[in-house]
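Heads up: the protein sequence lines correspond to chains A and B, in order. Counting from 26, one number per residue, gives the positions in the first sequence under this note's numbering. Counting from 37, one number per residue, gives the positions in the second sequence under this note's numbering. Positions of the beta carbon are idealized from the N, C-alpha and C atoms, including for glycine. Quick notes on the structure that follows.
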Amino acid sequence: MEGLSEHTVLVNGMIGLCTKTRGWPSTLKDLGYKVEYLEPTFLNSEGKKVNPDILFTSNKLIHALITECKGGVSIENEQLEKYSKINVENVRNWVSVYDASKLSLDLCLASYEELSEKILENIDSQYNFPILVFSLSNFISKINKFSNSKLDQAFSTPIEISYPPTEFYPFDDEDDVSLIALYILRELAFLALNNLHNESVEFEPDEMLDRIHPMWANIHETKKKKLRSKTKEILDEYKKEQLSEHLAKVKGKNTWQITKSMKAFGDKCNKIIKELTEQKKISTYEE
Amino acid sequence: MKILIKNRKELSEYLESKMLSSQEQLEEEGELEYKQFLLKTYLIESSVSDLNSIAAPEGFNIHIQQTQDRTLQILNVQKDSAKATFYLDTVNPRFWLIHTVDSSSFTTPFIQKYVSSVMNGLDHPWLPTQFMIGLSQKDEFRGFTLKYDEEFVKEGKEKAIENLSMRLWGKAAPHVLRTLKKDHELKNSIAISGVGIKHSIDGDYAIDDIASWGRFTAKGTSIDGHYFIIQDIQKRYSEKIELIEKSWLDYSSDAIGFKFRGEPLTIVFDKNIEDLPAFLDELLASRKPFRLWGVHKFINKDFAKIVGIDLHTGHKINLEITKEWVRIYLPKGSCGNTAMRLLTNIQHHYDSEAVLESGEYGRII
């Protein structure tokens, strides 16, 4: 998936399983699951903070499913240990089911095929978390078992996948600048069209990121640092492309508008996206 | 002679008298008298609370008069030496009605300019082909007009149908429409731009010629019949808009994380896109008919992601597109009309068999 990190694809793909999105299976939705939380932070049974990617619940199965999407190279033992200490008591007060006393829980990992073996190595000796594996041959398959039999059965045969949704979770720190640039450039156009920006065409990265990522406030500081750096890279590219010649101050007001046609502005923005994509390809090649 | 309308009752009596005199004239003479025009009502979708905030289109002057009813206003509009009077009914704050008995050569261009100004909070309804055909199933179906202009014709490459316009009024209308829709060569170009329906009530009746952008031209003997036709369509249309807006993507945070709801709508094509990059160039050209601005990125060769703006409303819209469908993600607060406008324009300019689905609510159109 050009420009999208594995983590972004996995988070969107898992949320997509909870919706009826054309071109994507609705395996979790069919079992009554909904997204209870994205990136919840709560305490495990040892009082340690955990922050998995998604908490799903099914009122049909009275079941909670915590999913950690692993797009990285490996999963740390410390993280696995903390997750292994999550029990149903830790989530009971945060879910909405009709009989919380009957609530049961599974925790699973989601990963790409090429990483799943490494993850299995990590978890096999001590833990038996189920893993949902997204493969390049366009299937989701399962390793290990869910404790809930209906959930386990739903993933017992590989599920065909094709076009993942990409908008539920727009991007994170691992995504390519060319993806993040889509949102930044659109925000510039949006602000100019709506004459909403009161200062100048210079943006601080935090201000921009808060506008374009719906969960910016919750993103971990380490990830925020990377996103700031990528945003700066994009805004530097935008300055280099003299995109500011498409924006001018409105007479008598402290606001800005797009001066040339929207099409011209769009063409310039698409040029930036293309160049950022090419730069990434070159740097990947040079690696 | 200028009639001073003070309230709804007087307006209804006035409009009905105009309908009756037009109908009598048509029955006796076969045509209207000089400076006699049919009743027209324009249905407008609005997110405006203050009428005075809407700027007059260039060249037009608008003088607003209040009546005794605060939801009924009179707009006296002039351009050069031409003028017209409009009766604006805002009792439904989301869907306004604008009535007039003046010449459509003045009233229609004015309304189209008034409504289509960028980001003024007004829009036409966008009645897709299947919606228009559905209207004909309730009342007597009198006729239809078709308008299709292929927007994605590549230079040098001929298409089977590039333009198709047709008007048919008469008893054979339902049969002809069914026949056209069944034809394999034609079926993706049969985009309905108007239908004529008759609503009868105990000997009285209204015959409305309904344009897909929300103009109702009335003949007949019953203003109530005309009101009924409009209100029925407005109700059905707003039900569709409500379903669309239930799909908004919505994020909220609480003590432990982010709550999330929503899912994409999908426009599903019957006719697959041959050249996706060229299709995108036209779709995102920032001009009519689509009026979409966007930046895009191909995730793989047959799948692109678009982050865009609806230039009519100024709202954000995100799309994902393959050769077979377009997913539409609407952020919370955006107008459901955006999705209907995109669908209707795709039907009139690419594939009249395209449909709109919601994962949660099934087929919307």
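Within chain B, the residues Ile292 have their CB atoms less than 7 Å from the CB of Trp119 of chain A, given in chain order. For a cut-off of 8 Å, the C-beta gap from Leu75 of chain B to Leu51 of chain B is around 6 Å, short enough to register as a contact. Nearest C-alpha to Lys73 of chain A among A:Leu105, A:Leu157, A:Ile144, A:Gln178: A:Leu105.
Listed in chain order, the non-local C-beta contacts of Gln166 of chain B below 6 Å within the same chain comprise Ile401, local neighbours out to five positions each way being set aside. DSSP places Val151 of chain B within a helical segment (H, G or I) once states are collapsed to three.
Using a Cβ distance threshold of 8 Å, Val36 of chain A and Asp78 of chain A count as a contacting pair. With distances taken between CA atoms, Lys276 of chain B lies nearest to B:Ser394 out of B:Ser394, B:His235, B:Asn88, B:Lys255. Distance from the CA atom of Ala247 of chain B to the CA atom of Ala314 of chain B, rounded to whole angstroms, is 30 Å. When beta bridges are read from the DSSP output, Phe177 of chain B appears opposite B:Ile233.
Contacts between Pro65 of chain A and chain B, judged by CB atoms closer than 9 Å, involve Ile292, Gly293, Phe294 in chain order. Within the region 379-391 of chain B, no residue has a Cβ lying closer than 8 Å to any Cβ of chain A. Identification of chain A residues near Ile345 of chain B by a Cβ-Cβ cut-off of 8 Å yields Arg211, Ala214, Phe215, Leu218, ordered along the chain. Per the C-alpha coordinates, the member of B:Leu355, B:Glu46, B:Leu213 positioned closest to Gly179 of chain B is B:Leu213. Taking 9 Å as the cut-off between beta carbons, the residues of the region 47-61 of chain A near chain B are Arg47, Gly48, Ser51, Lys54, Lys59, Val60, Glu61, in sequence order. One finds Arg47 in chain A with Cβ atoms closer than 9 Å to the Cβ of Val304 of chain B, taken in chain order. Within chain B, the residues whose beta carbon sits less than 8 Å from that of Asn243 of chain A are Ser289, Gly293, Phe294, listed in sequence order. Residue ranges of uninterrupted alpha helix (DSSP H) with 4 or more members, entirely inside the region 270-329 of chain B and ordered along the chain, are 312-319. The C-alpha of Ile111 of chain A lies about 8 Å from the C-alpha of Leu68 of chain A. Contact annotation: in the region 290-302 of chain A, residues whose CB is within less than 7 Å of a CB in chain B are Gly291, Cys294, Asn295, Ile298. Apart from sequence neighbours up to five positions away, the residues of its chain that approach Tyr287 of chain B with a beta-carbon distance below 6 Å are Phe294, Phe296, ordered along the chain. A Cβ of chain A is located within less than 8 Å of the beta carbon of Phe334 of chain B. Burial check for Ile147 of chain B: the Cβ neighbour count within 10 Å reaches 16 or more, so the residue is buried. In the structure shown, Gln151 of chain A adopts coil according to DSSP, grouped into three states. For Leu134 of chain A, the enclosing beta strand (DSSP E) starts and ends at 129-137. Contact between the region 56-67 of chain A and the region 114-130 of chain A is present, with at least three C-beta pairs closer than 8 Å.
Closest option to Leu42 of chain A, judged by alpha-carbon separation, among A:Leu218, A:Ala242, A:Phe180: A:Phe180. Spanning the alpha carbons of Leu108 of chain B and Leu204 of chain B requires a straight line of approximately 36 Å. According to the DSSP assignment, Val343 of chain B belongs to the beta strand (DSSP E) that extends over 339-346.
Under the Cβ criterion of 8 Å, Glu393 of chain B is counted among the residues facing chain A. If you compare the alpha carbons of B:Pro367, B:Ile100, B:Gly157, B:Ile243 with that of Phe131 of chain B, the shortest gap goes to B:Gly157. Annotated as proximal: His160 of chain B and Trp249 of chain B, with beta-carbon spacing under 8 Å.
Proximity of Met39 of chain A to chain B, defined by a Cβ-Cβ separation below 8 Å, is not satisfied. Nearest in C-alpha terms to Tyr241 of chain B, of all of B:Gly232, B:Gly256, B:Ile228, is B:Gly256. Residue burial is scored here from C-beta neighbours: Ile209 of chain A has at least 16 other C-beta atoms within 10 angstroms and is therefore classed as buried.
In this structure, Met202 of chain B lies away from Leu171 of chain B, with their beta-carbon atoms at least 8 Å apart. When 8 Å is used as the limit between beta carbons, Gly28 of chain A is near these residues of chain B: Lys333, Ile335, in chain order.
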